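The numbering of the first sequence is the numbering used here, which starts it at 1 and goes up by one.
In what follows, a single structure is set out as structure tokens and then discussed.
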Amino acid sequence: MPAFRAPRGTRDLLPEDRAVFDRLASTGTALAVRYGYRPIETPMFEQSAVFERGIGSVTDVVEKELFRIAPRSEEAEAWALRPEPTAGIVRAYVQHGMQTWPQPVKLTFTGPMFRYDRPQAGRYRQFWQFDVEAIGDPGPAVDAEIIELGLRFYGEVGVRDVQVLVNSIGDPACRPAYIDALRDFYRGHLDVLPPTERDRLERNALRLLDSKDPAMVELNASAPRITDRLCEACAAHFASVQVHLTALGVPFRIEPGLVRGLDYYTRTAFEFYVAGREGQQQALGGGGRYDGLVELLGGKPTPGIGFGLGLDRVALVLAEQGTEPPAAEGPLAVIVGADPEDTVTRLKVATDLRAARLRVRADLGRRKLGRQLEAAGRDGAHFAVILGDELAQGQVQVRDLLAGTQRTVGIDDLARELARAEASHHHG
RNA sequence: GUGGCCUUAGCUCAAUGGCAGAGCAUCGGAUUGUGGCUCCGAAGGUUACGGGUUCGACCCCCGUAGGCCACCCCA
């Protein structure tokens with residue numbers, strides 16, 4: 001009914017929602033910093049080629065979900081809103097010569113991503129990711145470190161029953177042979193393949209592995225497994241990742257059907273799910289190793305690994321699991337007055353208290369005292385400072401709205417008294 | 001991108017094809033400067049939008065938009 005509303009697939013984070021997001025983002029950043037990651041920020045859009053080259057042009061993310069920006073002139077560069085953070089961060093790594101920094105370069109970022117797909121709960125055209133990237137470390141120890149970091153994030157933020165799925169999808173030494181074997185296998189069962197899967201067979205055979213079509217699920221049970229066909233180096237790497245994960249006490253499940261949707265991944269791939277929902281879409285987060293990406297974007301051959309965790313989905317799961325959102329904090333005090341018309345004094349008192357670094361609100365409406373106090377109570381204020389005739393003697397009433405008590409305070413002592421009350425309240 | 005369900009006040013929901021309503025929330029009042037409770041009142045609607053059928057449409061039909069569900073895919 002309103003004339004304007006938020007574009008399809010986007011939403012407003014009202015203060016209550018925003019408080020949840022703030023908590024998720026600050027928890028993630030603090031956690032990553034504790035692990036040695038430094039916050040970075042890259043543009044929300046890049047040359048389309050950064051994503052086409054990096055993510056792979058035959059992926060869904062690029063083929064049908066890339067949020068392209070209409071060029072403003074013939075000679076304009078083709079731009080696209082970022083659908084994920086890794087390509088842009090790696091582009092920055094190359095552009096700024098980060099290979100001369102102490103390796104690995106560990107970076108973290110939290111911000112909005114954009115994908116032009118059909119919205120659903122937990123699936124938006126603008127969504128938030130908490131991202132961590134370690135560039136320049138071949139692993140396998142850092143693989144386990146980063147998976148443990150992801151799992152710890154969910155724990156600290158209060159999501160219960162998170163499962164870790166891991167797999168290795170090989171590297172250029174072994175994956176091509178595996179994909180050939182996979183194609184041969186599916187070609188032997190062409191009659192069973194649904195049309196869409198048949199279409200993808202030549203283009204992106206790995207994707208058939210995580211199809212949810214019942215016929216495919218049955219067929220995939222007997223499909224060749226990448227984990228049986230890793231080259232020696234990949235097999236050793238994968239085994240060592242598991243040793244490290246076990247040593248860290250990270251419970252995980254090997255999921256041979258786990259393939260990631262972006263082409264740049266090699267070797268370690270992992271996803272986080274809420275237990276019981278693994279079969280559905282709605283991964284809470286995922287990531288993996290991308291040893292070829294830096295080179296693909298014009299840098300020297302450099303290994304890397306990272307993850308992106310979807311904050312919108314974390315917020316959704318927290319709500320479903322009944323986790324209490326952070327309580328809205330009301331002002332320490334509201335300045336109210338017996339004379340509804342005297343907004344000058346109320347605003348002046350509030351301004352002086354704010355200058356003293358106190359969180360106060362002045363009631364600037366011209367309504368009678370009872371209404372002002374009522375609003376202060378609903379606002380969650382701890383105190384009401386009541387301005388009345390005593391002001392002539394330099395005094396005000398300070399009413400404790402929670403306790404229902406009230407006392408007279410000299411106007412010159414007001415800031416000190418309120419600051420002391422706030423301090424004792426927070427320590428008690 | 002495919003299929004299905006849904007859309008009435010800020011929110012949650014009513015209304016047989018015949019006067020669009022309730023609760024909560026908002027705002028105001030209950031005689032001079034003290035909140036939460038109670039009582040009274042006000043405001044709030046192009047029934048998502050556009051067509052059609054009908055004497056008459058929130059209600060039936062078509063289209064569009066948005067949300068949700070299952071696909072697809074991913075976070």
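Each residue gets a CB set at the ideal place from its N, CA and C atoms; glycine is no exception.
All values reported here derive from a predicted model rather than from experimental measurement.
DSSP-derived helix/strand/coil call for residue i
i    : result
G428 : In this prediction, G428 has a pLDDT of 48, which is less than 50 and means its spatial position is unreliable; what the coordinates show is noted afterwards. Residue state, collapsed to three classes: coil.
Q126 : strand
A80  : strand
R8   : coil
E295 : helix
A134 : strand
L284 : coil
Y290 : coil
A327 : coil
Q120 : strand
L309 : strand
V105 : strand
R253 : strand
G111 : strand
Y154 : helix
G322 : coil
A275 : coil
T302 : coil
A269 : strand
R416 : helix
Cβ-Cβ distance between residue i and residue j below 8 angstroms
i    : j    : result
L353 : H382 : no
L245 : I147 : yes
G304 : A76  : no
P251 : V166 : no
P83  : R115 : yes
I411 : R399 : no
V58  : V159 : no
G36  : Y264 : no
A215 : R183 : no
L66  : A144 : no
P340 : R359 : no
T268 : V243 : no
F130 : L418 : no
L262 : G56  : yes
A384 : L391 : no
A121 : L369 : no
V105 : V274 : no
Same chain, Cβ closer than 8 angstroms to residue i, five either side skipped, listed in chain order
i    : result
T10  : Y124, R125 and Q126
P326 : A19, V20 and R23
L296 : R53, G54 and Y264
E16  : P325 and A328
K300 : Q99 and V294
P172 : T266 and G292
Counted within 10 angstroms of its Cβ, other Cβ atoms place residue i as buried (16 or more) or exposed
i    : result
I69  : exposed
G365 : exposed
L14  : exposed
H237 : buried
L31  : buried
D199 : exposed
S168 : buried
W101 : exposed
A328 : exposed
T108 : buried
S424 : exposed
E46  : buried
F4   : exposed
P71  : exposed
R203 : exposed
T408 : exposed
E197 : buried
G428 : Residue placement at G428 cannot be trusted, given a pLDDT of 48 that sits under 50; what the coordinates show is reported in the next sentence. It counts as exposed.
L230 : buried
Cβ neighbours of residue i in the same chain (closer than 6 angstroms, five flanking residues each side left out)
i    : result
E41  : none
Y93  : I135
A356 : A415
R253 : L165
V50  : A87 and R91
Proximal residues to residue i (C-beta, below 7 angstroms), its chain only, five neighbours per side dropped
i    : result
R225 : P256
F462 : With the chain represented from 1 up to 428, any question about residue 462 goes unanswered, as that position is not in the structure.
I89  : I40, T42, L107, F109 and E133
D12  : A6
What beta strand (DSSP E) runs, 3 residues minimum, are completely inside the segment 329-408? 333-337, 360-362, 383-387 and 395-400
In chain order, what are the residue ranges of uninterrupted alpha helix (DSSP H) at least 4 long that sit wholly in the segment 163-249? 175-187, 195-203, 214-221 and 232-247
Write down every uninterrupted run of the alpha helix (DSSP H) in the segment 34-59 whose length is 4 residues or greater and which is fully enclosed by it, in chain order. 48-55
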